[in-house]
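Accompanying notes for the structure given below.
Numbering (this note's numbering), first residue to last: 1007 to 1599.
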C-alpha cells in the first residue's frame, strides 16, 4: 500500500493518523556535528532516497446541495489540512462547490443557473485561487461553471501561485444534458511532476475519451466524481482505464478514495459510508464521514535523472575554510583524488585561503556551506553580517550558536536571511565561482520558515540548493516535512535541479574498512543522482586541537585519493559529476520536454 495517511474530519478536531517520514534528511547532519562536538564520532550510515513521488490528497467530502458557502467553508479546512500534511496536489470531488445540484431537477432553473461560478471572476473561484497561493499547492476543484448562457460541469486546475492553469469540462453528461453543456476538449496540464489529465465521473466509462487524454501526454489522471462507486460498480472501470493506458488514476468521490497504478492494480481504497450528500442538520453527525486521504504517487515523469538508467554521483567535501588542515586536504582530494565538489564555510577564519584557491580554479565545483553554527569548544566564529545586525543568531559571547537546537529555538527568520545572504555575497565578492548552496549541520532546515529562506535564496541567486526530491526516512517534524515537499515545486518551477539520493558514512573505522564501505555504497547505487558527502582533513596537530573527528576526516581524504580505490570506483560504471554538470543535464532535459 502506498496510501500514507489520512486526516479525519467530522464532529471532532482533525486527527492525523499516519504520515510518512518523507522529507529533507539533511537535518540529520546536525546529529553528526553535535556528536563530534561532544568528542564522539557518530557510528553508522545514512543512505537516503527513493523512487520519485508526488504526494497527492483527495478531499472526500459529503455535499450540502446548493449551499456554496457551506461547501466552501468545509472544504477550505480540509484543503489546508492536506497542504499541512505535505500534499503538493489536492483534488476535491465533482461539483463540490454547488453540491452537485444538477442531481435535483426540482430546483428551479433560474436558481440552478444562479449557482454557476464565473471563471475567473467568481467569488468562490477567487477564494480557491487564494487558497492555492497561500498553501503553495496545485488544486483541482470541481464546480458548476457559468460561461455566458452555458453551464458546465467543470474541474479547474490552479497552480501554486493561484493562477488558473486551465479547466476541464465534463463530456459525458447523460441526465445533466437538460441543463448543462458538454465539454469538447481534452486538455492536459503541465506541472513540475508530470502532465495531468482530468476526467469527470461518467467520462471514465468512455475508453476512447480516456485514451485521448493519455495520447495527449498525460502521465496520470485525476477523476473527481460523484456517481457510482465501490468495488462492484466503479473500481473495475477505473482499473481498466489504468491498465489500458498504462497510467495511474486518482479517483475522489464523496464516499470513496481510490488509487490505481499503471497496471490497473488498486494501490489505495477506502469507502466512507453510502451517503453522497447530507443536510445541514447532519453536519458533524454520524452521516458526515469526511476525510483527507494522502497517497505518494510514483511518477515516471519525475524520476528525471534516472530516465536514462545511468548512475551519477557528486562526491562532495563539506567544511572547506574550517581550518588550514581542512583546506589543504580538500584541495588534495579535488586535485589528486575524485572529489568533484566542495562547499565553503564563509564565517570561518580560513575563508580567505580557500576563496583564493576557488577563484583561481573556476573549472571546479564550489558551493556555500551555509553556516549558522559554531560548534567547537575552543575554535569559534561569528556571523558575517555582524552580531549587531543578527542578534538572534549569536550566544552571549557573540559567536554563532554551538548547536542546531539553539538555532531552532532562538533564530529569527529575518536574521537568518540577512546572515545567509551576507555569506553568499561575501563569497561572490571574493570571486568564488559558486555552483550551489548547501547547509552546515542542517541548521537551515531545522524549522519550516528557515527551509523556505534556504530555498528562496537559491532562487534569488539562481543557484541549486542541496535538496532531495523524496526520502525513505528522516525528519520527524511534520511541518518541516510538509514545507519541504511543497518547496520542491518551487525549485522545479525555477528550473533548479533536485537530487535523488544522499549517502554519508559516519564510521570512524580503519582505512581498509572505510574504503570497502564507500565502494559498496557507490557500487550499489541506483539510477539517478547521488550526493556522497565526506569530510577531508589531515590528522595533524591543528585539526586535533579543534575536533575529535580529525582521524575520520583524514581517513576520508586518504580513501578518495587512493589510486586503488579510484580504479575500483571507475569499474563500477558510476559517472562522477559536478553540480555544474547536473545543472546542464537538467537544463537539457527541460529543453527537450
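Backbone N, C-alpha and C fix where the C-beta goes; we use that ideal spot for every residue, glycine too. Everything numeric in this text was worked out from a predicted model, so none of it was measured.
- Distances from the alpha-carbon of residue 1195 to those of 1189, 1540, 1223, 1297 put 1223 closest.
- Remark: C-beta atoms of residue 1541 and residue 1559 approach each other more closely than 7 Å.
- Counting C-beta atoms within 10 angstroms of its own C-beta, residue 1295 has 16 or more neighbours from the protein chains shown and is therefore classed as buried.
- Within the same chain, 1400, 1404 come within 7 Å of residue 1393 by CB-CB distance, once the 5 residues on both sides are set aside.
- With a cut-off of 8 Å on Cβ pairs, the stretch 1099-1109 is not in contact with the stretch 1335-1344, counting fewer than three such pairs.
- Under the criterion of beta carbons closer than 8 Å, residue 1144 and residue 1095 qualify as touching, at roughly 4 Å.
- If the five residues before and after residue 1254 are omitted, its C-beta is found closer than 7 Å to the C-beta atoms of 1226, 1248, 1265, 1266, 1267, 1268, 1303, all from its own chain and listed in chain order.
- If the five residues before and after residue 1252 are omitted, its C-beta is found closer than 7 Å to the C-beta atoms of 1268, all from its own chain and listed in chain order.
- Of the candidates 1136, 1115, 1156, 1156 places its Cα closest to the Cα of residue 1124.
- Taking every protein chain shown into account, the CB of residue 1421 has 16 or more other CB atoms within 10 angstroms, so this residue is buried.
- In this structure, residue 1319 sits near residue 1582, with a CB-CB distance shorter than 7 Å.
- Residues 1069, 1232 of the same chain have their beta carbon placed closer than 6 Å to that of residue 1106, with the five preceding and five following residues left out of the count.
- Bounds of the alpha helix (DSSP H) holding residue 1242 are 1241-1251.
- Secondary structure note for residue 1097: its beta strand (DSSP E) is the uninterrupted segment 1095-1097.
- The continuous alpha helix (DSSP H) containing residue 1464 extends over residues 1454-1466.
- When DSSP states are grouped into helix, strand and coil, residue 1069 belongs to the strand group.
- DSSP lists 1203 as the bridge partner or partners of residue 1194.
- Less than 7 Å divides the Cβ of residue 1333 from the Cβ of residue 1359.
- Residue 1347 and residue 1578 do not touch by the CB rule: their CB atoms are close to 19 Å apart, not below 8 Å.
- Taking a 10 Å sphere around the C-beta of residue 1503, we find 16 or more other C-beta atoms and assign the residue as buried.
- Taking residue 1407 as reference, the option from 1388, 1418, 1423, 1424 with the minimal CA-CA separation is 1388.
- Here residue 1214 is exposed, its C-beta having fewer than 16 other C-beta atoms within 10 Å.
- Shortest Cα-Cα distance from residue 1210 to any of 1549, 1592, 1178, 1335 involves 1178.
- DSSP places residue 1090 within a helical segment (H, G or I) once states are collapsed to three.
- By the neighbour-count criterion, in which a residue is buried when 16 or more other Cβ atoms sit within 10 angstroms of its Cβ, residue 1322 is buried.
- Taken in chain order, the complete alpha helix (DSSP H) segments of 4 or more residues contained in the stretch 1558-1598 are 1569-1577, 1585-1598.
- No Cβ-Cβ contact shorter than 7 Å links residue 1508 with residue 1544.
- Each residue's CA atom was taken as its position, placing residue 1243 and residue 1187 some 24 Å apart.
- Membership of residue 1359 in the alpha helix (DSSP H) is indicated by the continuous run 1357-1366.
- Judged by beta-carbon spacing, residue 1337 lies beyond the 7 Å limit of residue 1374, meaning their Cβ atoms are not closer than that value.
- Inter-residue distance for residue 1455 and residue 1561 is about 36 Å (C-alpha atoms, whole angstroms).
- Nearest neighbour of residue 1275 by Cα position, chosen from 1281, 1263, 1286, turns out to be 1263.
- Per the coordinates, the alpha-carbon of residue 1444 lies some 6 Å from the alpha-carbon of residue 1471.
- About 13 Å separates the beta carbons of residue 1497 and residue 1467, which is beyond the 8 Å limit, so they are not a contact pair.
- By DSSP's assignment, residue 1445 forms a beta bridge with 1376.
- DSSP lists 1324 as the bridge partner or partners of residue 1541.
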